[in-house]
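**Q** Take this structure first; my questions come after.
Numbering (our numbering), first residue to last: 11 to 295.
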């Protein structure tokens with residue numbers, strides 16, 4: 011399918027979601043539909059509680075695999091929540107897969123304060139020096155390799171100005187957030203070179219279902235598992251710090267990587283707490 015055709019399916023989906031009308035859509039027979047890592051009947055979950063979509067809208071598409079993705083927000087009675095959406099569309103234009111991640115802070119074990127959702131021009135810009143699809147996935151997977159049991163070793167390449175936004179909060183080069191999480195004053199690579207994330211034991215069930223080659227974007231899903239056993243650890247500068255996670259804990263994550271000049275330039279991430287070691291229903295398909 012073309013990008014325009016995939017975006018048209020996405021637009022119809024968003025309009026139907028906004029109207030709480032899943033039956034307005036053309037679903038493939040046996041379509042799979044998940045919300046926050048649980049397979050649900052089509053029409054269950056957010057379909058019954060959404061008040062409206064938020065203003066933030068970032069869309070991207072993979073014309074080779076017939077997939078379209080979206081980062082935005084959904085507004086329900088209690089709050090506005092970060093929202094990731096992935097749709098797989100078959101050759102007949104029907105929705106065969108729908109994967110949604112909704113960051114409801116009222117349900118979260120680890121809350122992000124003062125969230126805001128804004129457009130980032132770098133995510134819309136076509137890459138100046140694009141790299142092959144396989145290299146884009148390798149660099150994105152290398153990010154997860156770097157994060158897993160982070161000891162200061164870099165397994166990917168970062169642009170010097172790389173920034174990361176998580177659940178509506180910029181967690182790099184952010185002096186305000188650094189008052190709460192000091193490492194947030196640093197850039198992407200500097201955070202990892204210090205080995206700040208040693209407590210991330212396992213980056214598992216990694217999937218890279220959507221690669222937008224024209225825009226230099228890779229959408230990834232997976233889990234970050236924390237055993238909670240590591241109480242203190244040493245940074246590469248010699249300082250000893252305490253782990254922020256002292257119990258068995260897992261995140262279900264969606265991450266969007268912007269790749270240009272063979273480097274990660276920007277990261278957009280949404281994630282929620284799920285039961286420790288929770289499996290992905292998508293792995294069984």
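Positions of the beta carbon are idealized from the N, C-alpha and C atoms, including for glycine. Keep in mind it's a predicted model, so treat the numbers as computed, not measured.
Anyone know if the C-beta pair for residue 106 and residue 195 falls short of 7 Å?
**A** Not in contact: residue 106 and residue 195 (Cβ atoms no closer than 7 Å).
**Q** The alpha helix (DSSP H) spanning residue 237 covers which residue range?
**A** Counting along the chain, residue 237 falls outside any alpha helix (DSSP H), and DSSP gives it neither H nor E.
**Q** What's the C-alpha gap between residue 133 and residue 268?
**A** For residue 133 and residue 268, the distance between alpha carbons rounds to 6 Å.
**Q** By the 10 Å Cβ neighbour count, where 16 or more other Cβ atoms means buried, how is residue 124 classified, buried or exposed?
**A** Its Cβ having fewer than 16 others within 10 Å, residue 124 is exposed.
**Q** Going by C-alpha distance, which of 215, 187, 264 and 258 is nearest residue 295?
**A** Cα-wise, what sits closest to residue 295 is 215.
**Q** Go ahead and label residue 256 buried or exposed: buried means 16 or more other beta carbons lie within 10 angstroms of its beta carbon, across all protein chains shown.
**A** By the 10 Å Cβ count, residue 256 comes out exposed.
**Q** Which residues does DSSP pair with residue 191 in a beta bridge?
**A** Bridge partners of residue 191: none, in fact.
**Q** What separation, rounded to the nearest whole angstrom, lies between the Cα atoms of residue 82 and residue 91?
**A** Their Cα atoms are separated by approximately 8 Å.
**Q** On the three-pair Cβ rule with 8 Å, is the stretch 181-197 touching the stretch 149-166?
**A** Cβ pair count under 8 Å is below three, so no.
**Q** In this structure, does DSSP put residue 205 in helix, strand or coil?
**A** If DSSP states are grouped into helix, strand and coil, residue 205 belongs with coil.
**Q** Using DSSP bridges, identify the partner residues of residue 79.
**A** 70 and 96, per the DSSP bridge assignment.
**Q** For residue 162 versus residue 203, is the C-beta distance shorter than 7 Å?
**A** Yes; because the gap between Cβ atoms is below 7 Å, this pair is in contact.
**Q** Go ahead and pull the three-state DSSP assignment for residue 101.
**A** Coil.
**Q** Which two residues bound the contiguous beta strand (DSSP E) that contains residue 21?
**A** Unbroken run through residue 21 is the alpha helix (DSSP H), 13-28; no beta strand (DSSP E).
**Q** Could you have a look at residue 179 and say whether DSSP puts it in helix, strand or coil?
**A** In the structure shown, residue 179 sits in a strand (DSSP, three-state: E or B).
**Q** Excluding five sequence neighbours on each side, which residues of the same chain lie with their C-beta closer than 8 Å to the C-beta of residue 49?
**A** Result list for residue 49: 42, 43 and 291, in chain order.
**Q** Please determine, among 288, 271, 122 and 32, the residue with the shortest C-alpha to C-alpha distance to residue 188.
**A** Of the candidates 288, 271, 122 and 32, the one whose C-alpha sits nearest the C-alpha of residue 188 is 122.
**Q** DSSP on residue 138, reduced to helix/strand/coil?
**A** Residue 138 falls in the coil class under three-state DSSP.
**Q** How would you label residue 128, buried or exposed, when you count the other beta carbons within 10 angstroms and need 16 or more for buried?
**A** Residue 128 comes out exposed.
**Q** Work out the CA separation of residue 246 and residue 113 for me, nearest whole Å.
**A** About 32 Å.
**Q** Mind checking whether residue 72 and residue 222 have CB atoms under 7 Å apart?
**A** It is a contact, given that the beta carbons lie within the stated cut-off.
**Q** Does the distance from the CB of residue 147 to the CB of residue 278 come in under 7 Å?
**A** In this structure, residue 278 does not lie closer than 7 Å to residue 147 by Cβ.
**Q** Consult DSSP for residue 184 and reduce its assignment to one of helix, strand or coil.
**A** Coil at residue 184, not helix or strand.
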